[in-house]
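A.B. asks: Numbering (the numbering used here), first residue to last: 8 to 212. For reference, the structure I am asking about is given below.
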């Protein structure tokens with residue numbers, strides 16, 4: 008009986024003191040209605056022209072208690088480029104710039120996340136454009152995270168900014184009249200569906 012009690016005590020001790028296993032980061036799908044991928048490039052030294060990509064897909068993982076464990080994987084359809092002018096769109100899509108027929112996809116995959124503040128981090132990753140892969144860094148700010156007030160889903164959102172040189176990817180047409188340095192701005196909202204329904208007040212039933 009004493010041996011049984013001792014064995015039970017040992018089992019309970021190790022069961023209680025066993026380190027907790029960290030939860031996996033939540034995987035979020037992109038809500039493309041509330042997300043945008045934009046870029047800015049200098050035009051002839053007179054203005055900064057704006058472009059955006061309308062079609063992209065992918066996911067990211069995020070744990071607010073361990074942001075360093077986050078990851079991002081996104082594929083952008085280069086033919087979805089929009090510059091607010093049909094002729095300019097056509098030129099940007101041909102062999103001089105994005106060459107969308109030969110390279111229909113642009114791909115980014117994160118390699119590291121470095122926390123820099125309570126809601127900020129540097130997202131490092133590899134960008135593949137025109138068949139060339141180069142490292143890029145984005146400064147990321149958490150906008151918000153939590154339960155959606157009107158739908159059964161978890162939601163998080165981020166703003167990200169960074170710069171790259173298009174010549175690094177072999178996109179040299181128009182230099183230096185059209186700028187080499189491209190500013191990137193990304194607004195992302197992601198979601199994960201959860202079971203149950205929400206009341207009008209956002210409470211899960």
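Quick reminder that beta carbons are idealized off the backbone N, C-alpha and C, glycines included. This structure is a prediction, so every number in the text was calculated from the model and none was measured.
Hey, is the segment 39-56 in contact with the segment 184-196, meaning 3+ C-beta pairs nearer than 8 angstroms?
C.D. replies: Yes, since at least three Cβ pairs between the segment 39-56 and the segment 184-196 fall closer than 8 angstroms, the two stretches touch.
A.B. asks: Classify residue 28: buried if its beta carbon has 16 or more other beta carbons within 10 angstroms, exposed otherwise.
C.D. replies: Confidence at residue 28 is low in this model, with a pLDDT of 45, below 50, so the placement of that residue should be treated as unreliable; the coordinate-derived value is given next. That one is exposed.
A.B. asks: Can you confirm whether the segment 171-187 touches the segment 153-161 when touching is taken to mean that 3 or more C-beta pairs between the two stretches lie within less than 8 angstroms?
C.D. replies: No, they do not touch.
A.B. asks: Quick one: what does DSSP say residue 158 is sitting in, helix, strand or coil?
C.D. replies: Of the three classes helix, strand and coil, the one that applies to residue 158 here is coil, per DSSP.
A.B. asks: Using only alpha-carbon positions, find the residue among 42, 113, 106 and 80 that is nearest to residue 135.
C.D. replies: The shortest C-alpha separation from residue 135 is found at 113.
A.B. asks: Give me the residue from 141, 140, 121 and 137 with the minimum Cα distance to residue 147.
C.D. replies: Nearest of 141, 140, 121 and 137 to residue 147, Cα basis: 121.
A.B. asks: Who are the Cβ neighbours of residue 194 in its own chain at under 7 angstroms, not counting the five residues just before and after it?
C.D. replies: Only 42, 43 and 166 meet the Cβ criterion.
A.B. asks: Whose C-alpha, out of 66, 57 and 78, is nearest the C-alpha of residue 95?
C.D. replies: Measuring from the Cα of residue 95, the nearest candidate turns out to be 57.
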